[in-house]
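2 protein chains.
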Amino acid sequence: MQLTRYTDYSLRVLVYLGMKTDGWATITELAEFYAISRNHLVKVVHHLAQQGFINTLRGKHGGMALARAPGLIGIGDVVRRTEPNFHIAECFNPTADHCVLGPNCRLKSMLNEANLAFLGVLDRYTIADAVANQGLLASLLPGPK
Amino acid sequence: MQLTRYTDYSLRVLVYLGMKTDGWATITELAEFYAISRNHLVKVVHHLAQQGFINTLRGKHGGMALARAPGLIGIGDVVRRTEPNFHIAECFNPTADHCVLGPNCRLKSMLNEANLAFLGVLDRYTIADAVANQGLLASLLPGPK
DNA sequence: ATTAAGATGTATATAAGATGTATCTTATAT
DNA sequence: ATATAAGATACATCTTATATACATCTTAAT
């Protein structure tokens with residue numbers, strides 16, 4: 323059981339932005355910092371902007387910043403809007419479900435409850451919580467331009 | 323976020339065995355009932371036997387049965403022992419972790435807490451709970467030989 | 001001895017996910 | 001105005017995890 327790297331990267335982008343004192347960054351800067359594919363990050367950033375988590379600006383001196391204070395961005399919310407699906411078992415996916423047990427099986431409701439518990443925990447935290455020890459993290463960042 | 327089909331099938335095998343009044347079944351019977359790959363099921367069954375959830379018998383009139391009463395087989399236990407990993411994010415996998423934030427990031431502990439909550443819910447249920455409406459399920463089964 | 005069942009190891013196919021390439025659009029500094 | 005630095009978008013490809021298939025071995029009942 324794992325989240326996609328897409329979701330992982332989404333969270334990391336938001337954490338990074340929460341870490342920066344000026345809150346402003348470019349995709350290239352992020353890709354270099356985390357040493358991950360810039361091309362992939364482009365899509366992550368684009369999606370985060372579509373979902374309203376960040377604001378982006380094209381053109382010279384463009385970049386991105388959090389759209390709200392870090393304390394107002396819930397981790398559960400990010401995961402829910404980023405993870406492609408929560409088809410814990412086959413029966414969660416209407417277009418792929420072939421299980422003959424159907425509604426007679428109680429596994430589905432158990433797994434659903436577990437999934438909600440998972441997200442419920444994440445709903446108790448925000449990006450601000452993830453960045454709590456800002457001092458240490460800041461030391462990893464490149465200095466001010 | 324989803325469990326592997328391997329885990330899904332493992333649960334279905336146990337549910338099926340819990341459903342049958344005599345508690346005895348063969349791989350072929352299971353593969354036909356669920357209309358899934360027999361070859362894949364072979365491995366699922368083998369693993370369930372290794373983990374002590376079922377007893378198997380080779381040879382003529384062989385097959386499998388639950389090793390304990392359905393009420394003593396916890397769903398969480400099955401999922402934990404069947405799902406190949408719980409690497410919720412990259413940083414959970416020691417051999418693949420490249421994230422520069424390392425221990426300075428609090429996302430990991432949040433995600434871990436969420437994962438434990440997920441399994442915690444499943445720990446409250448057993449195979450017996452999954453089979454609760456035995457009457458309905460029994461009607462789906464082939465009649466006594 | 002034969003047969004029906006599971007055990008085991010290896011190989012292959014499939015699908016999802018991650019990444020790469022190319023091109024387009026927008027903003028702004030000069 | 002124009003050049004340039006950024007993000008936006010579409011498409012192609014590579015990689016890997018997962019699922020499935022195949023072949024052979026082992027065991028037990030008849």
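Read top to bottom, the protein sequences are chains C and R. Counting with my numbering, you get residues 323 to 467 for the letters of the first sequence. Counting with my numbering, you get residues 323 to 467 for the letters of the second sequence. All residues carry an ideal CB built from backbone N, CA and C; glycine is no exception. Keep in mind that this is a model prediction, so the values were computed, not measured.
Rounded C-alpha distance that separates residue i from residue j
i: Lys-382 (chain R); j: Arg-403 (chain C); result: 53 angstroms
i: Gly-398 (chain R); j: Asp-344 (chain C); result: 45 angstroms
i: Leu-370 (chain C); j: Val-335 (chain R); result: 41 angstroms
i: Arg-446 (chain C); j: Leu-333 (chain C); result: 15 angstroms
i: Gln-324 (chain C); j: Gln-324 (chain R); result: 7 angstroms
i: Ala-481 (chain R); j: Val-337 (chain R); result: In the structure displayed, chain R extends from 323 to 467; residue 481 (chain R) sits before or after that span and is not available.
i: Thr-329 (chain R); j: Asp-419 (chain C); result: 15 angstroms
i: Lys-467 (chain C); j: Leu-339 (chain C); result: Confidence at Lys-467 (chain C) is low in this model, with a pLDDT of 37, below 50, so the placement of that residue should be treated as unreliable; the coordinate-derived value is given next. Between Lys-467 (chain C) and Leu-339 (chain C), the C-alpha separation is close to 16 angstroms.
i: Asn-426 (chain C); j: Leu-423 (chain R); result: 46 angstroms
i: Leu-352 (chain C); j: Val-400 (chain C); result: 18 angstroms
Residue i at chain C interface by Cβ criterion, 8 angstroms
i: Ala-411 (chain R); result: yes
i: Ala-347 (chain R); result: no
i: Thr-343 (chain R); result: no
i: Glu-405 (chain R); result: yes
i: Tyr-483 (chain R); result: What the structure shows of chain R is the stretch from 323 to 467, and residue 483 (chain R) is not part of that stretch, so it cannot be assessed.
i: Ala-454 (chain R); result: yes
i: Ala-353 (chain R); result: no
Any chain R beta carbon closer than 8 angstroms to residue i
i: Asn-361 (chain C); result: no
i: Gly-340 (chain C); result: no
i: Arg-402 (chain C); result: no
Among the options, nearest to residue i - alpha-carbon criterion
i: Ala-387 (chain R); options: R:Asn-377, R:Ile-395, R:Gly-396, R:Gly-393; result: R:Asn-377
i: Gly-374 (chain R); options: R:Ala-389, R:Gly-385, R:Gly-384, R:Arg-327; result: R:Ala-389
i: Gly-396 (chain R); options: R:Asp-419, R:Val-443, R:Glu-435; result: R:Val-443
i: Ala-436 (chain C); options: R:Glu-435, R:Met-341, R:Ala-391, R:Phe-440; result: R:Phe-440
i: Ala-454 (chain C); options: C:Ala-411, C:Pro-392, C:Lys-365; result: C:Pro-392
i: Ala-411 (chain R); options: C:Glu-405, C:Lys-365, C:Met-341; result: C:Glu-405
Original post:
If contact means a Cβ-Cβ distance below 7 angstroms, which residues of the region 370 to 399 of chain C contact chain R?
Top reply: Ile-397
Original post:
For the 8 angstroms Cβ check, are there 3 or more pairs between the region 410 to 422 of chain C and the region 360 to 368 of chain C?
Top reply: no
**OP:** Evaluate contact between the region 346 to 353 of chain C and the region 425 to 432 of chain R, counting only Cβ atoms and requiring at least three cross-stretch pairs below 8 angstroms.
**Re:** no
Original post:
Got a sec: which bits of the region 418 to 437 of chain R sit with their beta carbon under 8 angstroms from any beta carbon on chain C, in order along the chain?
Top reply: His-420, Cys-421, Val-422, Leu-423, Asn-426, Cys-427, Arg-428, Leu-429, Met-432, Leu-433, Glu-435, Ala-436, Asn-437
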